[in-house]
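Undergrad:
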Ligand SMILES: Nc1ncnc2c1ncn2[C@@H]1O[C@H](COP(=O)(O)OP(=O)(O)O)[C@@H](O)[C@H]1O
Ligand SMILES: [Mg+2]
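Numbering (our numbering), first residue to last: 1256 to 1552.
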């Protein structure tokens, strides 16, 4: 059974309702830049949630609205451990929230898009909100890689490993362009209708406080934090082979930082396995176990 499934299901279905695509109309003429700007200006004050999808003619668009400052403090334990172990690569980057977060997201989406990576196009921007393109097309929706992983876990270890590898390759593709993500969780990796993985959610920029190698090492560990419990339950050894295959193309600096994290986190494999301790504990324990297994010396 999926070790994190019960809570995970609730979380993803809640998101699913918020972002469930409504049926698209028959094709209407494409909107112009002015239309996007008008739409953003008119819709922004009426939108309650921080992220919502809308229909503009035949097109699905997403509006991200400036919200209160928040540090994504869901990962308390990870943050505490990062401080304790002096592991900057695990520290949550401060999320400035508000208009600063909107500006960062717009800039990063443009930068990443300019390198040829699959990110939503920025259609219109205001200080308080951003209108971005849907990563799906003509009513064919995207799927969160996290959901694909959960499904694959039910099918079996080799199915899980294949999907997990897609996520690793997607992160490697970003790094190969000399850049990094920021919230490299599997829920922010979107499988597009053509099978290419797109990247979303850039409200913070770890590059503001960390160097490139640290940002990239952080992406790997973030992905592992999101997926480690599944991988550990399904195919820890097979995943190790994939991990090393992908990291072979990483820089020495990145590999070194991951090796340091593996060493310093080693003792965390003794964290209690019981679900009573919560998902965050299970996640950190899985990361420590897997890194210990893969980087044993
Ligand atoms: N451009 C997009 N294309 C498709 N889905 C999107 C897009 N932007 C956001 N979403 C959906 O909305 C959810 C929340 O968006 P995200 O940018 O990750 O904000 P949050 O900070 O709330 O995590 C995503 O998990 C995804 O399902
Ligand atoms: Mg997100």
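Every residue gets a Cβ at the ideal spot worked out from N, C-alpha and C, and that includes glycine.
Listed in chain order, which residues are found with a beta carbon closer than 5 Å to a heavy atom of ligand 2?
TA: Answer in sequence order: 1443 and 1456.
Undergrad: Among 1288, 1346 and 1360, which residue has its Cα nearest to the Cα of residue 1454?
TA: Start at 1 with the first residue of the chain shown, and residue 1454 comes out as number 199. Of the candidates 1288, 1346 and 1360, the one whose C-alpha sits nearest the C-alpha of residue 1454 is 1360.
Undergrad: Given a cut-off of 8 Å on the beta-carbon distance, is the pair residue 1441 and residue 1482 in contact?
TA: As a first step, residue 1441 is located in the chain shown; it is residue number 186 there, counting from the start. As a first step, residue 1482 is located in the chain shown; it is residue number 227 there, counting from the start. In contact: residue 1441 and residue 1482 (Cβ atoms closer than 8 Å).
Undergrad: Going by DSSP, name the residue or residues bridged to residue 1309.
TA: In the chain shown, the residue the question calls residue 1309 occupies position 54. Partner(s): 1316.
Undergrad: State the CB to CB distance for the pair residue 1459 and residue 1437, rounded to an integer number of angstroms; the pair is presumed to be in contact (CB under 8 Å).
TA: Position 204 of the chain shown, counted from the start, is the residue given in the question as residue 1459. Position 182 of the chain shown, counted from the start, is the residue given in the question as residue 1437. Their Cβ separation, rounded to whole angstroms, is 5 Å, which keeps residue 1459 and residue 1437 in contact under 8 Å.
Undergrad: Among the residues of its own chain, which have a CB less than 6 Å from the CB of residue 1562, if the five just before and after it don't count?
TA: In this structure the chain extends from 1256 to 1552, so residue 1562 is not present and cannot be described.
Undergrad: What three-state label does DSSP hand residue 1374 in the structure shown?
TA: One-based indexing of the chain shown puts residue 1374 at position 119. Coil at residue 1374, not helix or strand.
Undergrad: According to the neighbour-count rule (16 or more other Cβ atoms, all chains shown, within 10 Å of its Cβ), is residue 1354 buried or exposed?
TA: Position 99 of the chain shown, counted from the first residue, corresponds to residue 1354. With fewer than 16 Cβ atoms within 10 Å of its Cβ, residue 1354 is classed as exposed.
Undergrad: Please state whether the Cβ-Cβ distance between residue 1348 and residue 1477 is less than 8 Å.
TA: As a position in the chain shown, residue 1348 is number 93, starting the count at 1. As a position in the chain shown, residue 1477 is number 222, starting the count at 1. No. Outside cutoff.
Undergrad: Could you tell me whether any non-hydrogen atom of ligand 1 is closer than 7 Å to the CB of residue 1486?
TA: By one-based count along the chain shown, residue 1486 stands at place 231. No, the Cβ of residue 1486 stays beyond 7 Å of every heavy atom of ligand 1.
Undergrad: Starting from the C-beta of residue 1282, find all residues in its chain whose C-beta is less than 7 Å away, skip the five residues before and the five after it, and write them out in chain order.
TA: By one-based count along the chain shown, residue 1282 stands at place 27. Any reading at residue 1282 is ruled out, since the residue's pLDDT is 40, under 50, leaving its predicted position unreliable.
Undergrad: Please name the residue, chosen from 1305, 1533, 1428 and 1525, that lies closest to residue 1386 on a Cα-to-Cα basis.
TA: If you number the chain shown from 1, residue 1386 lands on position 131. Ranking the options by Cα distance to residue 1386, first place goes to 1305.
Undergrad: Have a look at residue 1531 and residue 1298 and give me their C-alpha separation to the nearest angstrom.
TA: Here residue 1531 is taken as the residue at index 276 of the chain shown, counted from 1. Here residue 1298 is taken as the residue at index 43 of the chain shown, counted from 1. Their backbone Cα atoms lie some 43 Å apart in a straight line.
Undergrad: Relative to ligand 1, is the shortest distance from any of its heavy atoms to the C-beta of residue 1517 smaller than 7 Å?
TA: Position 262 of the chain shown, counted from the first residue, corresponds to residue 1517. Residue 1517 Cβ: outside cutoff for every heavy atom of ligand 1.
Undergrad: Could you check what DSSP says for residue 1534 in three-state terms: helix, strand or coil?
TA: Residue 1534 sits at position 279 when you count from the first residue of the chain shown. Residue 1534: helix per DSSP, three-state reduction.
Undergrad: Are residue 1339 and residue 1535 closer than 8 Å when you measure CB to CB?
TA: Residue numbering aside, residue 1339 sits at position 84 when the chain shown is read from its first letter. Residue numbering aside, residue 1535 sits at position 280 when the chain shown is read from its first letter. Cβ distance not < 8 Å, so residue 1339 and residue 1535 don't count as in contact.
Undergrad: Any chance you could list the alpha helix (DSSP H) runs of at least 4 consecutive residues sitting entirely within the segment 1360-1440, in chain order?
TA: If we require 4 residues or more, the alpha helix (DSSP H) runs fully inside the segment 1360-1440 come out as 1400-1410 and 1412-1431.
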